[in-house]
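Student:
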Amino acid sequence: MTEYKTAIIDIGSNTVRLVIYHYEQLRGLKEIENVKAVARLRSFIDDTGILVEEGIERLEGILHSFNEILEDYNVEHVRAIATASIRQAQNGAAILARMKEVVGVDIELLSERQEAFYGYFAVVYTTSTPSGVTIDMGGGSTELTYFDEKELMQSISLPFGSVSLKQQFVAGEVLTADERQSVYDFAIAQFSTIPWLKDLNLPVIGIGGSARNMATFDQHRNNYPLSGVHQYRITRKDFLEIAETLTSMPLEQLQKLDGLSSDRADIIGPVIEVFHALMDIVGAQKFQFSRKGLREGLVIHRILKQNPHAFDRYDVFSTTAKFLCAEFGKDQGQIKHHEYLAEMLYKQLGDIGAVDFERQNLRLLSNAAKVYFLGEYIDKDAASQHTFYILSNRAIDGLNHKERVRLALMASYKNKDNFKRYAAPFEQWFSEDELKVLFELGSILKFTYALDATKRNVVRKVRLFDKGEVVEMHIYTNSNSLAEQYRANRQAKHLERLIKKTIELHFIEEEG
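Encoded structure:
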């Protein structure tokens, strides 16, 4: 399975969604289409537990529309899944049989355990968070998992969701103060019966549309300089401020709010109170958002069954970097050579006391070397600008938003002026010492990139000798290095600024 299209039809209690993915072994998994229909199926379940005809016809119409889209996209594999709304309906089996006969869609009813598992699966394969508590709150159920060092420890599905809570607790369009307290108390009571949740002191990770809307709203209100919500984090203090703002607004204002989907305006209040209660039970000081959830978990799981090495949950970024480099035409051999030279030079600089060698900085350097100047693919003359924009503005699995900017500053390093200009919007994110380290690592990357000017892996070894006022650099090559000599002499100023000494370059061609 080196390349294929797959689609997930996700029939939830609030929305029905069709998402089409394209997978390539070299470039990874991409979402190429995402169609949402607001169905509110949970609201069509009557007092006897029957999903009434109006709700069934609404689902039937949506699936007919999805079939037309799938034909146009020529999708090889389609997996339709249903969750709480069909699970909780007394006539669920009859509905599934009808959809298969009338629409031709064979729907798989996921169990509560499966629904929780696939959400967890997506989080650990697309974020660097080693341990946490996930919450995926749909319209009719809420799935929780606890994972430690990427391993699933506990999971549970609770029979309430955003739509059912609105029906149970909200009399008008939005929560009143008393209703807000009632939802919070209800959630606290539910979570208190789960012994493994208490005082974990781990981040809570929100999956799904309502969590995503909270993140987008926070970014709008703060004029956030980056795009995307995957792996976005907020503090407990910020969470409580957002909760207070959103739960006190009238519906008309909520529906017009930037960052909040109008179709979720009437259910965001109950969702926030459930998140709030979970944070209190867990003792969480951070709320994190994951754009990847059940659907991505299903697709990644299928890919891994056929190719167990397609993704690495313990080193998520390395997998992502490989996909990025393939997308932007970087050769893996050249990447590894640049990484090798940069690490060697950093260690040598540490040995002569020019930099403070630290293992965590070596890791940063190695990651940045993997994607250094990938913007050359777009325009060689503007490689620095394109590299910084790409890395800072697209979701990169395995990196949170601060880590993304850190990577972009190093991997786009061209000169001091560019570095300062790129860093300016994020000056509150980093201390002066942090920026100094990133500047040093960027300088090393810039110089070592010059040592492979012809992309022939000519330079095999670098050695530094501190001669007092001068540092000699012996650069050992295995063939003619005229282009590397020219480029390295031009870029030596970056290291001289770092070392604060003159550098003399000596290229030595070795036989064999």
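Using UniProt numbering, the first residue of the sequence shown is number 1, and each one after it goes up by one.
Idealized CB from N, CA, C, for every residue including glycine.
1) Would you mind working out which of Arg463, Ala7, Lys100 and Val229 sits nearest Glu472, comparing C-alpha positions?
2) If you count every other CB in all the chains shown that lies within 10 Å of the CB of Val371, and 16 or more means buried, which is it?
3) DSSP puts Ala80 in a beta bridge; with which residues?
4) In the stretch 191–255, which residue ranges form an unbroken beta strand (DSSP E) of at least 3 residues, counting only runs that do not cross its ends?
5) Using only CA atoms, which one of Lys305, Thr448 and Ile86 lies nearest to Met495?
6) Could you check which residue in Leu59, Val103 and Phe426 has the C-alpha nearest to that of His401?
7) Under the three-state reduction of DSSP, which class applies to Arg113: helix, strand or coil?
8) Going straight from the alpha carbon of Ser392 to that of Val78, what length do you get?
9) Please list, in chain order, all residues of the same chain as Ala382 whose beta carbon is under 8 Å from its beta carbon, the five residues on each side excluded.
10) Per DSSP, what are the beta-bridge partners of Arg42 in this structure?
11) Note down the Cα distance separating Gly92 from Ala189, rounded to an integer number of angstroms.
12) Are at least three pairs of beta-carbons, each pair with one atom in the stretch 233–241 and one in the stretch 410–420, less than 8 Å apart?
13) In angstroms with no decimal places, state the Cα-to-Cα distance between Val52 and Ile95.
14) If you follow the alpha helix (DSSP H) that Ser384 is in, where does it begin and where does it stop?
15) Relative to the C-alpha of Phe160, which candidate in Gly139, Phe147 and Gln90 has its C-alpha closest?
16) Can you name the start and end residues of the beta strand (DSSP E) that Arg264 belongs to?
17) Tell me the DSSP secondary structure of Phe160 in three-state form.
18) Which class does Ser318 belong to by DSSP, given the choice of helix, strand or coil?
19) Going by Cα to Cα distance, which pick from Phe44, Gly353, Glu504 and Gly350 is closest to Gln167?
20) Can you tell me where the beta strand (DSSP E) with Gln288 in it begins and where it stops?
21) Is the stretch 124–136 touching the stretch 101–110 in the sense that three or more CB pairs, one from each, lie closer than 8 Å?
22) Which stretch, first to last residue, makes up the alpha helix (DSSP H) that contains Glu53?
23) Who are the near neighbours of Val458 in its chain, counting only those whose CB is closer than 6 Å to its CB and skipping five residues on each side?
24) Distance, Cα to Cα, Gly28 vs Ile9?
25) Tell me which residues share the same chain as Leu324 and place their Cβ nearer than 7 Å to its Cβ, disregarding the 5 neighbours each side in the sequence.
26) Kindly indicate the opening and closing residues of the beta strand (DSSP E) around Glu504.
27) Over the uninterrupted alpha helix (DSSP H) stretch that includes Gly92, give me the two end residues.
28) Taking 8 Å as the cut-off, does the stretch 34–49 touch the stretch 4–18 (at least 3 CB pairs, one atom from each stretch)?
29) Is it right to say Phe465 is buried, meaning 16 or more other beta carbons lie within 10 angstroms of its own, or is it exposed?
30) Counting only the same chain and skipping the five closest in sequence on each side, list residues whose C-beta sits under 7 Å from that of Leu202.
Tutor: Per the coordinate set shown:
1) When the alpha-carbon of Glu472 is set against those of Arg463, Ala7, Lys100 and Val229, the nearest one is in Arg463.
2) buried
3) Beta-bridge pairing links Ala80 to Ile9 and Ile107.
4) 204–207 and 233–235
5) The sequence shown places Leu at residue 495, not Met. Here the closest residue by C-alpha is Thr448.
6) Phe426
7) helix
8) So the two alpha carbons sit approximately 33 Å from each other.
9) Gly375
10) DSSP lists no partner for Arg42.
11) 29 Å
12) no
13) 10 Å
14) In the DSSP assignment, Ser384 falls within the unbroken alpha helix (DSSP H) covering Ala383 to Asn393.
15) Phe160 has its Cα closest to that of Gly139, out of Gly139, Phe147 and Gln90.
16) Counting along the chain, Arg264 falls outside any beta strand (DSSP E), and DSSP gives it neither H nor E.
17) coil
18) helix
19) Phe44
20) Lys286 to Ser290
21) At 8 Å Cβ cutoff, the stretches do not touch.
22) Glu53: member of the alpha helix (DSSP H) spanning Glu53 to Tyr73, first to last residue.
23) Thr477, Ser479, Ser481 and Glu484
24) Straight-line Cα distance between these residues: approximately 21 Å.
25) Excluding positions up to five away in sequence, the list reads Val371 and Leu374.
26) Thr502 to Glu509
27) Gly92 to Arg98
28) yes
29) Residue burial is scored here from C-beta neighbours: Phe465 has fewer than 16 other C-beta atoms within 10 angstroms and is therefore classed as exposed.
30) Ser131, Gly132, Val133, Val282 and Ala284
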